[in-house]
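Taking it in order: structure first as structure tokens, then the write-up.
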């Protein structure tokens, strides 16, 4: 009798276990995205322009830039212009990496690099709160995909995440480094851009 | 028999050795691992230890690692000063210079000792065309690698390295031998295109903003050469007209295009972007179109290939800046007048960049009293009536002018006449005896600026206020009272305070007001001014 009751209780617990576990998982908000114009038919070459850093994290713009470019290159769906080529054009045109390009400058850069689209962005928040054993990273970025021929914004995305957002159960899934958080944020942004139509180059 | 057997074995061994050697040689891939940039330290810091770690991992994948000394020599020769990234031309140069098939660019994004954490990105770039064929990023920390009961939990960065290697190099491409190798077997040859290039180092337009009919010169400097540089013809395209660029030194190439100087009433010829070829070849009349005109570079290669690249744009601007100013002064007799200072605010009807300005004050004789110059937009001014030596100018009528030049040299001008009254309001006090005991005081202003308020006080010798008079305009006449016998009339002081419409104030103080008394019987009718005009502060009781 007692054994059958125990078995029944165990079964009940197993049924409710997902409910308990889901309570441990923070709700993950999707990136906030707006599509302002139609995506061009074939985006084959993309230049990622230097990001702005509005946070206090030293070299946060370069860190996120390299990680974002690595994620873009992983897909191998478009050709990503080398960072050195982008910085060279900026030097030649005497544009500071902290400066936004005007339309004329954008057309020149687009022509010189032979690109179909630009990615521009800024780091809104990048910080790591450290305690004795644990680090809590926080990241918020504002990224835009621009049409290189017209300078128009195609997609604009704001995405904010904490390391805590990826916790699954206990300490599993918890993200402790800004690098890993940047990688996950970049991946999520690119996934949503794909959903919006950023397709593999067919040329 | 044995000899034959041994010969066979030796022959097979030799053939095997040759086969292995050639296959090894066919698939030997050289990788250049460039210095690793450490973003967790100062700007452009290098981490040799982590470079060694990357080299160790890659060498285990059967790839030949190029010696770091060769890489450093290459960086010095190519003037590569920055780490973590490279230009396509430098990447492609490594193929010949240091025989690299692949280039690895790695960056340390974070590295901490307590709590231990390590994050890196890595890129694998093919030198045949500068394309990134593989990239990844990853990070680990002490907290994320907690083990059961803390056993074997990594505690230092060195402990994290092998774990990071596994994550970072996951997905390393397996087919490198036929995507990047020099020796490619038969049908496995990948389509690798080597592209020549000519790199523009800088472009200048002089000037960038012109008036119609002015010459524009474009100067291009090319970076050092690819193999076809010296044989390509260089053209500058403006609209549908193409100009051959010439060079004296092989470094700077120039082209200029000219419109004729326009005399008044004649037609104007400009370089403009038009699909109609006839427009450029004829004298063109009508309104000039102010616009940005694009300029392109055309490279005419001996092979017949034509490359066109957008260089920039120059601007034609025919409109003069429209400028006006507002004078914050009172209008007296139809002209702005001031005594102390005149605030001047400058306004533009159309917002445009200004190259320089000139502020000038000229007197009635045509002499320049004051001149100020500056660049960019003029600020607001306050003229205090001073001249160039900071001395007060004489009263009179002056012409204030503001002249501005825009980037094309168009001139905008605004000017206005103003009146300066250098002196403070002057008021006369006349006392006239009419009859035996009646004394009439007359106050009058010496200039034509209306008086807003006046106040006259009479004081006895022992500082007793005897009488106060007030008014809002001049001239005025009023009767003085009869004073008591005890008051010495010869020692009655008078204080007169006047404020005019321009806001200026003056004080008139007379120790003996009756000094100015004029009896009607006297022939002397000349008005006398007060004994002194004083700025002394007088305490009101």
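Protein chains in written order, with our numbering: chain A, 112 to 314; chain B, 370 to 910. For every residue, glycine included, the Cβ atom is placed at its ideal position computed from N, Cα and C. Bear in mind that the values here come from a model prediction, so they are computed numbers and not experimental data.
Simplified DSSP assignment, three categories, for residue i
i, result
"residue 811 of chain B", "strand"
"residue 442 of chain B", "helix"
"residue 371 of chain B", "helix"
"residue 573 of chain B", "strand"
"residue 663 of chain B", "strand"
"residue 527 of chain B", "helix"
"residue 475 of chain B", "strand"
"residue 298 of chain A", "helix"
"residue 642 of chain B", "With a pLDDT of only 35 at residue 642 of chain B, under 50, the local geometry of the prediction cannot be trusted, and the value read off the model is given with reservation. It is coil, neither helix nor strand."
"residue 455 of chain B", "coil"
"residue 541 of chain B", "coil"
Cutoff 8 Å: residue i Cβ touching any chain A Cβ
i, result
"residue 454 of chain B", "yes"
"residue 562 of chain B", "Since pLDDT at residue 562 of chain B reaches only 34, below the 50 mark, its modelled position is unreliable, and no value is offered."
"residue 499 of chain B", "yes"
"residue 662 of chain B", "no"
"residue 634 of chain B", "Because residue 634 of chain B carries a pLDDT of 33, less than 50, the predicted location of this residue cannot be relied on, and no value is offered for it."
"residue 478 of chain B", "yes"
"residue 623 of chain B", "no"
"residue 640 of chain B", "Here residue 640 of chain B scores only 40 on pLDDT, less than 50, and its place in the model is too uncertain to base an answer on."
"residue 533 of chain B", "no"
"residue 462 of chain B", "no"
"residue 469 of chain B", "no"
Enclosing beta strand (DSSP E) for residue i [first to last residue]
i, result
"residue 248 of chain A", "246-258"
"residue 177 of chain A", "It is not in any beta strand (DSSP E) - residue 177 of chain A instead sits in the alpha helix (DSSP H) that spans 171-186."
"residue 270 of chain A", "264-273"
"residue 762 of chain B", "Segment: none, residue 762 of chain B is in no beta strand (DSSP E) and carries neither H nor E."
"residue 239 of chain A", "228-241"
"residue 869 of chain B", "862-869"
"residue 503 of chain B", "501-510"
"residue 587 of chain B", "585-591"
"residue 822 of chain B", "820-828"
"residue 485 of chain B", "485-495"
Cβ-Cβ distance between residue i and residue j below 8 Å
i, j, result
"residue 288 of chain A", "residue 453 of chain B", "no"
"residue 814 of chain B", "residue 820 of chain B", "yes"
"residue 160 of chain A", "residue 230 of chain A", "yes"
"residue 245 of chain A", "residue 296 of chain A", "no"
"residue 789 of chain B", "residue 762 of chain B", "yes"
"residue 590 of chain B", "residue 779 of chain B", "no"
"residue 512 of chain B", "residue 484 of chain B", "yes"
"residue 818 of chain B", "residue 701 of chain B", "yes"
"residue 187 of chain A", "residue 157 of chain A", "no"
"residue 223 of chain A", "residue 206 of chain A", "no"
"residue 665 of chain B", "residue 677 of chain B", "yes"
"residue 783 of chain B", "residue 766 of chain B", "no"
"residue 706 of chain B", "residue 754 of chain B", "no"
"residue 690 of chain B", "residue 757 of chain B", "no"
"residue 912 of chain B", "residue 424 of chain B", "Nothing about residue 912 of chain B can be reported from this structure: the residues present for chain B run from 370 to 910 only."
"residue 506 of chain B", "residue 236 of chain A", "no"
Cβ neighbours of residue i in the same chain (closer than 6 Å, five flanking residues each side left out)
i, result
"residue 794 of chain B", "867, 869, 873 and 875"
"residue 414 of chain B", "407"
Where the alpha helix (DSSP H) containing residue i begins and where it ends
i, result
"residue 717 of chain B", "Segment 711-717 is the beta strand (DSSP E) holding residue 717 of chain B; no alpha helix (DSSP H) there."
"residue 775 of chain B", "Where residue 775 of chain B is concerned, there is no enclosing alpha helix (DSSP H), although the beta strand (DSSP E) it sits in stretches over 765-775."
"residue 417 of chain B", "417-428"
"residue 221 of chain A", "214-224"
"residue 162 of chain A", "Segment: none, residue 162 of chain A is in no alpha helix (DSSP H) and carries neither H nor E."
"residue 469 of chain B", "From DSSP, residue 469 of chain B is part of no alpha helix (DSSP H); its letter is neither H nor E."
"residue 753 of chain B", "Note, residue 753 of chain B: premise wrong, no alpha helix (DSSP H); not H, not E."
"residue 195 of chain A", "194-203"
Contact with chain B by residue i, beta-carbon distance below 8 Å
i, result
"residue 289 of chain A", "yes"
"residue 146 of chain A", "no"
"residue 135 of chain A", "With a pLDDT of only 43 at residue 135 of chain A, under 50, the local geometry of the prediction cannot be trusted, and the value read off the model is given with reservation. No, because no Cβ of chain B sits closer than 8 Å to the Cβ of residue 135 of chain A."
"residue 278 of chain A", "no"
"residue 177 of chain A", "yes"
"residue 213 of chain A", "no"
"residue 227 of chain A", "no"
"residue 190 of chain A", "yes"
"residue 203 of chain A", "yes"
"residue 218 of chain A", "yes"
Listed by chain order, chain D residues near residue i by CB distance under 7 Å
i, result
"residue 194 of chain A", "The structure shown contains no chain D; its protein chains are A and B."
Other residues of its chain near residue i: CB distance less than 8 Å, five sequence neighbours each side excluded
i, result
"residue 542 of chain B", "493, 502, 503 and 548"
Cutoff 7 Å; reference residue i; Cβ partners in own chain excluding five residues on either side
i, result
"residue 857 of chain B", "830"
"residue 311 of chain A", "188"
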